[in-house]
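Engineer: One structure follows; several queries about it will come next.
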Amino acid sequence: MNGFNTLYYEANIYITALAMGYSVNELATAENLNNPKFKKKLRELAQNSSVMWEGIDTADILQNNSIAAVWGFSLPELAKRGQVWKIAEPKEGTMGWVDNFAIGWSLKNKPFLRKVAEEWLNFVISPDFQVEVTVRSLGSAPTNTHIQDRLTLEEIAMFHINDPDYFQNNRILWPTLKRTRDRNFMKHLWEKALIKK
Numbered sequence: 001m002n003g004f005n006t007l008y009y010e011a012n013i014y015i016t017a018l019a020m021g022y023s024v025n026e027l028a029t030a031e032n033l034n035n036p037k038f039k040k041k042l043r044e045l046a047q048n049s050s051v052m053w054e055g056i057d058t059a060d061i062l063q064n065n066s067i068a069a070v071w072g073f074s075l076p077e078l079a080k081r082g083q084v085w086k087i088a089e090p091k092e093g094t095m096g097w098v099d100n101f102a103i104g105w106s107l108k109n110k111p112f113l114r115k116v117a118e119e120w121l122n123f124v125i126s127p128d129f130q131v132e133v134t135v136r137s138l139g140s141a142p143t144n145t146h147i148q149d150r151l152t153l154e155e156i157a158m159f160h161i162n163d164p165d166y167f168q169n170n171r172i173l174w175p176t177l178k179r180t181r182d183r184n185f186m187k188h189l190w191e192k193a194l195i196k197k
């Protein structure tokens with residue numbers, strides 16, 4: 001995390017827009033964000049943050065802070081250090097994206113490599129991996145929801161295992177920036193917000 005890095009600038013723009021009451025459909029175009037009020041609020045975020053998120057939150061960066069935007073990767077390590085953090089879920093919803101694996105067409109005629117890829121996917125979604133790595137080491141929501149009997153009541157509540165509609169109703173997936181113009185505008189908007197006056 002680096003206060004002057006432009007990596008993942010979209011996340012900061014989307015969070016600012018949601019905090020200002022923009023709808024999900026208004027998050028990703030220059031036409032909606034190119035106004036003085038939005039630029040001022042984004043600048044306040046940029047100038048008043050000690051560090052910026054770069055994709056993976058770490059305990060070293062977050063230690064001794066009081067609030068941060070995180071996915072939870074650092075929370076298990078922070079707890080080991082005596083700092084128990086909790087994830088707040090804004091009523092507007094939480095920004096997100098979906099990571100995934102895919103078996104490419106290039107393995108069509110390579111049965112051994114395809115089998116290795118399939119076994120890797122099976123391992124990653126296995127109950128043992130989901131509980132010990134995804135939930136307890138990464139502090140992230142599991143993909144395999146058939147692990148409820150292995151989780152604590154707190155983990156079940158934290159990841160909403162009992163609510164099959166939670167993701168659909170409460171996650172706001174990052175919009176796909178379809179036009180280069182919008183991506184360039186957002187990057188420029190963020191870089192301007194970072195400039196110290």
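Residues in the sequence shown are numbered consecutively from 1, following our numbering.
Positions of the beta carbon are idealized from the N, C-alpha and C atoms, including for glycine.
Per DSSP, which one or two residues make a beta bridge with R171?
Structural biologist: Answer by DSSP bridge pairing, in chain order: T94.
Engineer: Where in the stretch 53-83 do unbroken runs of the alpha helix (DSSP H), each at least 4 residues long, occur, reported from the N-terminal end onward?
Structural biologist: Runs found: 59-62 and 75-80.
Engineer: Thinking just about the alpha-carbon of each residue, which of W97, W174 and E44 is nearest to the one in I195?
Structural biologist: For the residues W97, W174 and E44, the minimum Cα distance to I195 belongs to E44.
Engineer: So, at 8 Å on beta carbons, what are the nonlocal neighbours of T94 in its own chain, with the 5 sequence-adjacent residues on each side left out?
Structural biologist: Around T94: N170, R171 and I172.
Engineer: How close, in whole Å, do the beta carbons of F159 and P142 come, if the pair is a contact with beta carbons under 8 Å?
Structural biologist: That pair is a contact at about 6 Å.
Engineer: Please tell me whether I161 and N144 are closer than 7 Å, where the distance is taken between their beta carbons.
Structural biologist: No.
Engineer: Measure the alpha-carbon distance for E92 versus N35 and round it to whole angstroms.
Structural biologist: C-alpha separation (whole angstroms): 22 Å.
Engineer: Assign I13 to one of three DSSP states: helix, strand, or coil.
Structural biologist: Three-state DSSP puts I13 in a helix.
Engineer: Measuring straight from C-alpha to C-alpha, what distance separates T152 and A79?
Structural biologist: In a straight line, the C-alpha of T152 is about 16 Å away from that of A79.
Engineer: So, helix, strand or coil for T156, using DSSP?
Structural biologist: Looking at the sequence shown, residue 156 is not Thr but Ile. DSSP places I156 in helix when its eight states are reduced to three.
Engineer: Does the count of Cβ pairs from the stretch 24-31 and the stretch 173-192 closer than 8 Å reach three?
Structural biologist: Contact between the stretch 24-31 and the stretch 173-192 is present, because at least three Cβ pairs lie under 8 Å.
Engineer: Using 7 Å as the threshold, is the C-beta distance between I238 and M186 below it?
Structural biologist: The question about residue 238 has no answer, for the chain in this structure spans 1 to 197.
Engineer: What do you reckon, are the CB atoms on G72 and S140 nearer than 7 Å?
Structural biologist: Yes.
Engineer: Can you tell me whether N132 is buried or exposed? The criterion is at least 16 other CB atoms within 10 Å of its CB, across all chains shown.
Structural biologist: One point to set straight first is that residue 132 is Glu, not Asn, in the sequence displayed. Its Cβ having fewer than 16 others within 10 Å, E132 is exposed.
Engineer: Since L113 contacts L107 with CB under 8 Å, what's their CB separation in whole angstroms?
Structural biologist: Confirmed, about 5 Å.
Engineer: When you compare only the Cα positions, how much space is there between L189 and D57?
Structural biologist: Those two C-alpha atoms are separated by around 23 Å.
Engineer: Can you say whether M52 is buried or exposed, counting buried as having 16 or more other CB atoms within 10 angstroms of its CB?
Structural biologist: So M52 counts as buried.
Engineer: List the endpoints of the continuous alpha helix (DSSP H) containing W190.
Structural biologist: It spans T180 to L194 - the alpha helix (DSSP H) in which W190 sits, taken as one unbroken run.
Engineer: Over what stretch of residues does the alpha helix (DSSP H) that includes F112 continue unbroken?
Structural biologist: F112 -> alpha helix (DSSP H) spans P111 to V124.
Engineer: Would you please state the rounded distance, in angstroms, between the beta carbons of S137 and P76? I believe it to be under 8 Å.
Structural biologist: Their Cβ separation, rounded to whole angstroms, is 6 Å, which keeps S137 and P76 in contact under 8 Å.
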